[in-house]
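Read through the structure below, which is laid out as structure tokens, and then see the notes.
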Amino acid sequence: MGSINAARLTAGRVIKYMCEEEKKRPAAPHSGARELLENLAAAGVEVIFGYPGGAVLTVYDALLESPIRHVLPRHEQSAVHAADGYARVAGRIGVCLATSGPGAANMVTGIANAFMDSVPLLIITGQVSTRLLGTDSFQEVDITGITMPITKHNYLVKRAQDIPRITREAIHIATTGRPGPVLIDLPRDVLEGAVKPEPAAPVELKSYKFFAKGNPGQIKEAAKALRQSKKPVIYAGGGIIISGAGAVLRELTEKTNIPVVTTLNGIGSIPARHPHNLGMVGMHGTTAANLAVHECDLLLAVGVRFDDRVTSGMTERFAPKAQVLHIDVDPAEIGKVLRPRIPIVGDARLVLTDLLPLTEPCAIEPWWRTLRQWQEQYPLCYAPDGRLNPQLVMEALGEIGGGDAYVVTDVGQHQMWAAQFYPVTQPRHFITSAGLGTMGFGLPAAIGAQIARPDSLVCLVTGDGSFQMSVQELATLRQYGLPVKIILMNNGVLGMVRQFQQTFYRERYNEIQLTANPDFIALAAAYGIKGLRVADPAQARPALEEALSVREPVLLDFVISPDEVVLPMIHPGKLINEMLEGGGADA
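Listed below in structure tokens is the structure:
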């Protein structure tokens with residue numbers, strides 16, 4: 010026993026000696042890691058979401074002297090989602106950091122999610138030393154190769170001296186044109202290497218071009234087409250939000266009297282209750298919005314990519330009576346899915362600003378009479394049946410939370426109920442995973458949103474399936490004292506999958522029961538978070554009022570029926586006017 014204790018004592022002395030010797034070594038004043046952080050700070054970065062590991066410890070050591078705040082999620086994928094939520098709410102770049110190998114690989118889903126929704130992110134990954142690259146060394150993965158299809162650009166840095174230039178380039182690429190994620194892979198020896206200070210040079214990338222201003226001739230053609238139209242519709246997408254074009258869109262619709270429909274990511278581009286807003290279009294859109302697009306004679310598509318959730322993949326029969334005008338900052342989107350009659354490449358805000366003075370009020374009263382008739386005939390509604398309806402919860406949240414609340418959703422039925430029934434009034438106040446549809450996105454994205462807006466109300470709308478994919482981030486909420494309100498729609502099943510099996514697979518249910526769900530109130534308590542369970546519809550409003558009255562995280566476990574479904578719904582392969590249970594030609 011004595012020899013074992015002696016060995017332990019000796020080991021302790023060795024570690025202490027090593028630590029003392031390391032302290033005597035002066036830290037490199039201009040290491041690659043320090044230059045990285047200094048350039049991020051100079052670019053206005055205030056927070057990094059990251060998870061440490063061997064390859065990035067030089068960065069974490071340098072963070073002790075950096076003004077940049079660090080937030081520690083409990084998983085690297087959550088770090089990306091948190092940076093994503095931060096970027097969408099703040100309107101500026103989100104930054105996340107992970108170590109090499111599994112740390113970097115765990116970020117892939119989050120990167121793909123940001124890429125699909127055009128979110129400006131800077132992803133920083135550690136890498137094994139340059140001399141070990143390609144040798145399958147410990148915790149090595151080719152993360153630049155893996156992420157090439159899901160990043161706007163990426164870098165593998167071989168020289169410490171290149172870090173300042175590459176950092177500035179990466180931020181420029183991520184935040185200009187069509188935004189997106191850019192990854193910088195930094196080998197350990199590059200982060201530790203010395204950098205000779207140099208004046209910051211302007212970013213010049215000869216091969217990187219983007220178009221901000223639209224072609225004046227095409228804009229004049231668009232104005233002429235609008236004047237001649239009898240049944241026009243503005244189709245507003247996420248590009249409106251990204252470019253900050255919400256105010257000019259509102260001016261345009263009010264001046265011209267043209268109705269607006271939005272995509273899922275376009276929610277908030279015009280207030281939900283604005284009289285010209287027909288609602289969301291597509292698979293779970295409003296009947297009035299879908300019928301308007303199907304019957305219109307002109308479709309002004311702004312910042313959209315004609316996603317199959319809207320078109321049902323039937324692009325040759327989508328808006329079949331309309332001439333299409335497509336405005337997008339990414340020329341690759343023009344004609345990719347649907348060929349427009351008038352294409353305009355440019356930033357949505359700048360193009361609409363140039364278009365606005367060329368327009369005039371449209372005499373489309375008969376069109377509006379038809380639209381109002383559809384709105385009255387086919388409103389979004391639900392049948393109170395004595396049970397706790399999720400739609401009721403969303404309506405109550407909208408009334409109590411007010412127009413300043415930020416609503417973040419996971420993916421599933423609850424996402425669609427929030428999109429349909431929560432009245433979003435402002436851009437960047439509705440945050441969701443639209444293009445990739447990533448379950449588990451919600452909680453970490455809500456963390457990022459709350460950090461971006463620390464004094465605002467942030468509500469997460471999630472389901473028991475999605476929630477458990479990132480439930481460990483309750484620890485992050487607690488650690489940083491983030492007062493996110495969690496609206497959990499608990500139906501004990503994978504709700505959207507069950508709805509598809511019910512509707513399209515003759516109720517042949519398979520692997521959708523979440524029979525081993527935990528007691529979510531007890532689980533929240535284990536993390537030191539208050540929980541409230543609600544099963545009675547009469548208790549929904551009081552519970553929401555109680556949760557929203559305190560500056561601390563609260564989990565509200567709303568017990569709903571697995572039989573609740575999202576309507577309207579378009580059958581895959583059906584036209585946009587062929588809605589199930591929601592009205593339309595074949596309803």
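As numbered in the numbering used here, residues 10 to 596 make up the sequence shown, in order.
C-beta: ideal position from N, C-alpha, C; glycine also.
- Put simply, the stretch 437-444 touches the stretch 408-427. At least three CB pairs are less than 8 Å apart.
- Counting the other CB atoms within 10 Å of its CB gives residue 157 a total below 16, which places it among the exposed residues.
- For residue 105, the pairing in a beta bridge is given by DSSP as 58, 132.
- In the DSSP assignment, residue 326 falls outside any alpha helix (DSSP H), carrying neither H nor E.
- The beta carbon of residue 454 sits closer than 7 Å to those of 90, 91, 93, 94, 417, 440, all from its chain and outside the five residues before and after it, given in chain order.
- By the Cβ neighbour-count rule, residue 281 is buried, with 16 or more other Cβ atoms within 10 Å of its own.
- Assigned with DSSP and collapsed to three states, residue 241 falls in strand.
- In the three-state reduction of the DSSP assignment, residue 117 falls in the helix class, which pools H, G and I.
- Among the bridge pairs identified by DSSP, residue 522 is matched with 502.
- Under the three-state reduction of DSSP output, residue 276 falls in the coil class, being neither helix nor strand.
- Excluding five sequence positions before and after residue 530, the CB atoms of its chain that fall closer than 8 Å to its own CB belong to 540, 541, 542, 564, 566, given in chain order.
- The Cβ-Cβ distance between residue 521 and residue 485 does not fall below 8 Å.
- Classified as buried, residue 295 has 16 or more neighbouring CB atoms from the shown chains inside 10 Å of its CB.
- Exposed is the label assigned to residue 390, since fewer than 16 other Cβ atoms lie within 10 Å of its Cβ.
- Between residue 498 and residue 537, the gap from beta carbon to beta carbon reaches 8 Å or more.
- Residue 310: member of the beta strand (DSSP E) spanning 307-311, first to last residue.
- Relative to the Cα of residue 247, the nearest Cα in the group 207, 336, 267 belongs to 336.
- Counting along the chain, the unbroken alpha helix (DSSP H) around residue 200 starts and ends at 197-201.
- Around the beta carbon of residue 547, a 10 Å sphere encloses fewer than 16 other beta carbons of the protein chains shown; the residue is thus reported as exposed.
- The stretch 205-221 makes contact with the stretch 175-186: 3 or more CB pairs, one atom from each, lie closer than 8 Å.
- The Cβ neighbour count for residue 146, taken over all protein chains shown within 10 Å, is under 16; the residue is labelled exposed.
- Nearest C-alpha to residue 314 among 332, 298, 279, 275: 275.
- Counting along the chain, residue 353 sits inside no alpha helix (DSSP H); it lies in the beta strand (DSSP E) bounded by residues 351-354.
- Listed as beta-bridge partners of residue 415 by DSSP are 467.
- CA-to-CA, the gap between residue 223 and residue 508 works out to about 43 Å.
- Just so you know, the alpha carbons of residue 462 and residue 251 end up roughly 17 Å apart.
- By the 16-neighbour rule on beta-carbons within 10 angstroms, residue 312 is buried.
- Ranked by Cα distance from residue 42, the first of 166, 577, 378, 412 is 166.
- For residue 299, the enclosing alpha helix (DSSP H) covers residues 296-304.
- The beta carbon of residue 479 sits closer than 6 Å to the beta carbons of 87, 449, 452, 453 from its chain, once the five residues preceding and following it are set aside; these are given in chain order.
- Taking every protein chain shown into account, the CB of residue 516 has fewer than 16 other CB atoms within 10 angstroms, so this residue is exposed.
- For the options 119, 121, 114, the alpha carbon positioned closest to that of residue 135 is the one of 114.
- The shortest CA-to-CA distance from residue 325 to any of 297, 344, 340 is the one to 344.
- DSSP, reduced to helix, strand and coil, places residue 163 within a strand of the structure shown.
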